[in-house]
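The sequence shown begins at 126 in the numbering used here and counts up one residue at a time. No residue lacks a Cβ here, since even glycine has one placed at the ideal position from N, Cα and C. Data block below; observations after.
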Amino acid sequence: CAEGTHDAILLRGLPQALAAQGGDRAFALLHFNGSHGPEYYRKYPDGFEVFTPTCQTTLVNDCDPQSLVNAYDNSIRYTDWVLAQLIGQLDALPDTQVLLLYLSDHGQSLGENGVYLHGLPNAIAPEEQRMIPFLAWMDDDFARAHGLDPATLGQAVPDPQDRIFSTVLGALGVESPAYRADRDVLRPAP
Numbered sequence: 126c127a128e129g130t131h132d133a134i135l136l137r138g139l140p141q142a143l144a145a146q147g148g149d150r151a152f153a154l155l156h157f158n159g160s161h162g163p164e165y166y167r168k169y170p171d172g173f174e175v176f177t178p179t180c181q182t183t184l185v186n187d188c189d190p191q192s193l194v195n196a197y198d199n200s201i202r203y204t205d206w207v208l209a210q211l212i213g214q215l216d217a218l219p220d221t222q223v224l225l226l227y228l229s230d231h232g233q234s235l236g237e238n239g240v241y242l243h244g245l246p247n248a249i250a251p252e253e254q255r256m257i258p259f260l261a262w263m264d265d266d267f268a269r270a271h272g273l274d275p276a277t278l279g280q281a282v283p284d285p286q287d288r289i290f291s292t293v294l295g296a297l298g299v300e301s302p303a304y305r306a307d308r309d310v311l312r313p314a315p
């Protein structure tokens, strides 16, 4: 990310932008810089560096393995904080049903078996690259309106990238031949 720019910039004006959409539905897509390597140490402000020492170079294979993990863990800690702030903003919206979906585009290899970063073909990519973070948070109003029990949604979702499109369509109530109920992770079990 640009020097001095971190994902907290996504928090600026989100409630106002959603309110400005009007109508009975609103949609916002936020793109996180997240924990993309190799410069994990640049993905969070100094105040979030709690795991030390950290790898401070793009030449990650030259770093002490624990310092690389520390920098990555700090970036994950920061992403968690930004998500918590987003949830707080969304939860404070009055008279609104709210759903937040967070999906990473890939996992990261941190030197396991000499492999770093991401991008190997799926057939040979290690599990660290294929296991993708996915989070669904909803307020009580959204859960009730959609017949969902958030406690039952705490399970791993296989292939979340393949399911996000139908999940968003279902959450917004969009009728489309492209919608596949079997790919909607929020669809109540029959």
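* Asked: Which partner residues does LEU226 have in the DSSP bridge list?
  -> Residue pairing by DSSP places LEU226 opposite ALA261 in a beta bridge.
*Hey, quick one: how far does the alpha helix (DSSP H) through SER301 stretch, first residue to last?*
It is not in any alpha helix (DSSP H) - SER301 carries neither H nor E in the DSSP assignment.
Mapping the DSSP letters down to three states, classify SER200 as helix, strand or coil. Correct three-state label for SER200: helix.
At least three beta-carbon pairs within less than 8 Å, the region 165–173 to the region 194–206: A contact is defined here as three or more CB-CB pairs under 8 Å, and the region 165–173 meets this definition with respect to the region 194–206.
* Quick one, which of VAL185, LEU294, ALA268, PRO163 has its alpha-carbon nearest GLN222's? -> Minimum Cα distance to GLN222 is reached at ALA268.
**OP:** Look at the alpha carbon of GLY138 and the alpha carbon of VAL207, and state the distance between them as a whole number of angstroms.
**Re:** Here the alpha carbon of GLY138 sits roughly 14 Å from the alpha carbon of VAL207.
In chain order, what residues of the same chain have a beta carbon less than 7 Å from the beta carbon of THR177, not counting five sequence neighbours either side? Cβ within range, chain order: ASN195.
*Can you tell which of LEU228, VAL282, PRO275, TYR241 has its C-alpha closest to the C-alpha of MET328?*
In the structure displayed, the chain extends from 126 to 315; residue 328 sits before or after that span and is not available.
For the region 242–256 against the region 287–295, do three or more pairs of beta-carbon atoms, one drawn from each stretch, fall closer than 8 Å, so that the two count as touching? Result no; under three Cβ-Cβ pairs closer than 8 Å.
| request: Please classify THR204: is it buried, with 16 or more other beta-carbons within 10 angstroms of its beta-carbon, or exposed? | output: By the 10 Å Cβ count, THR204 comes out buried.
* Near LEU136, which residues of its chain fall below 6 Å by C-beta distance, leaving aside the five closest residues on each side in sequence? -> Scanning its chain for C-beta atoms nearer than 6 Å, with the 5 sequence neighbours on each side dropped, one finds around LEU136 the residues GLN210, in chain order.
If contacts are defined as beta-carbon pairs under 8 Å, then ALA133 and LEU143 qualify, I think. What distance do you get, rounded to the angstrom? Rounded, the Cβ-Cβ distance is 18 Å, inconsistent with contact.
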